[in-house]
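Participant: Sharing a structure below in structure tokens format, with a few things to ask.
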Amino acid sequence: MNPIAQTIILSFSTVRMIPHIALYLLHKKEIDKDLVKLQDRKPTVLNFIKACTREKCFRNLFYYRLGEYVSFPFRWMLPRESSFHIWCPEIGEGAHMEHSYATYINAESVGKDFYCLHLVTIGNGKGGRPIIGDNVKVYTGATIFGKVKIGNNVTIGAQTLVHTNVPDDCTVIGNPARIVKLRGKKTDIEL
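Under the numbering used here, the first residue of the sequence shown is numbered 1418, with each subsequent residue one higher.
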């Protein structure tokens, strides 16, 4: 983008974001771990302004971190992505939701460094909600449901359906889901 146009857009955006900037500064420690995953990859006010201006899904995560009652009066100034819903008691630091429209995250808990793309559904099923470990990546259109445990360092491929536990250090793809990589080695194991 043209640097002059970018400066003008960010300047106008900054005016409407004054309350958001204040909230960011009050909760900087929690927000910065998410913020460094996008835009300039720096925990700065300028990067926060860029992220909130350009990425509606980051706004959803920001409001989630603040809490429903604290964020409620400010959401009209910077609306959330209306089709992205987070219903989790806990999401670990360093989450990155990349253009996560039409996405529902309804897990019991989500670990650190969670990465999620669009059209993902994580939710209720047999016996409860999923528990997702640290460093988990969920790609476009994946569905995870039920009382399952997704291990640490797991990649769930696009359009994958997961309804059973997934061990640590693996890549899962397909419907029915199959482990195609386990601890760095190619494999083909049905879940």
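Just so you know, even glycine gets a beta-carbon here, dropped at the ideal spot from N, CA and C. Here the structure is a predicted model, which is why all the values come from computation and not from measurement.
Which word fits Met-1494, buried or exposed, when buried means at least 16 other C-beta atoms lie within 10 angstroms of its C-beta?
Facilitator: It is exposed - the Cβ of Met-1494 has fewer than 16 other Cβ atoms within 10 Å.
Participant: Here's the rule: buried if 16 or more other CB atoms are within 10 angstroms of the residue's CB, otherwise exposed. What is Leu-1442?
Facilitator: That one is exposed.
Participant: Please classify Gln-1423: is it buried, with 16 or more other beta-carbons within 10 angstroms of its beta-carbon, or exposed?
Facilitator: Classification of Gln-1423: exposed, given that the 10 Å Cβ count is below 16.
Participant: Can you give the Cα-Cα distance for Leu-1536 and Ala-1575, rounded to whole angstroms?
Facilitator: Their Cα atoms are separated by approximately 10 Å.
Participant: Going by the DSSP bridge assignment, what does Glu-1607 pair with across the sheet?
Facilitator: BP columns for Glu-1607 point to Arg-1595.
Participant: Can you tell me the Cα-Cα spacing of Ile-1425 and Ile-1435, whole angstroms?
Facilitator: In a straight line, the C-alpha of Ile-1425 is about 16 Å away from that of Ile-1435.
Participant: Return the residue from the list Ile-1596, Asn-1464, Leu-1483 that minimises the CA-CA distance to Ile-1508.
Facilitator: With distances taken between Cα atoms, Ile-1508 lies closest to Leu-1483.
Participant: Which partner residues of Leu-1578 appear in the DSSP bridge assignment?
Facilitator: According to DSSP, which records beta bridges pairwise, Leu-1578 is partnered with Thr-1560.
Participant: For Val-1432, list the residues DSSP reports as bridge partners.
Facilitator: None; Val-1432 has no bridge partner.
Participant: Ends of the alpha helix (DSSP H) at Ile-1466?
Facilitator: Per DSSP, Ile-1466 belongs to the alpha helix (DSSP H) from 1462–1471.
Participant: Does the beta-carbon distance from Glu-1447 to Lys-1473 come in below 8 Å?
Facilitator: No, the Cβ-Cβ distance between Glu-1447 and Lys-1473 is not below 8 Å.
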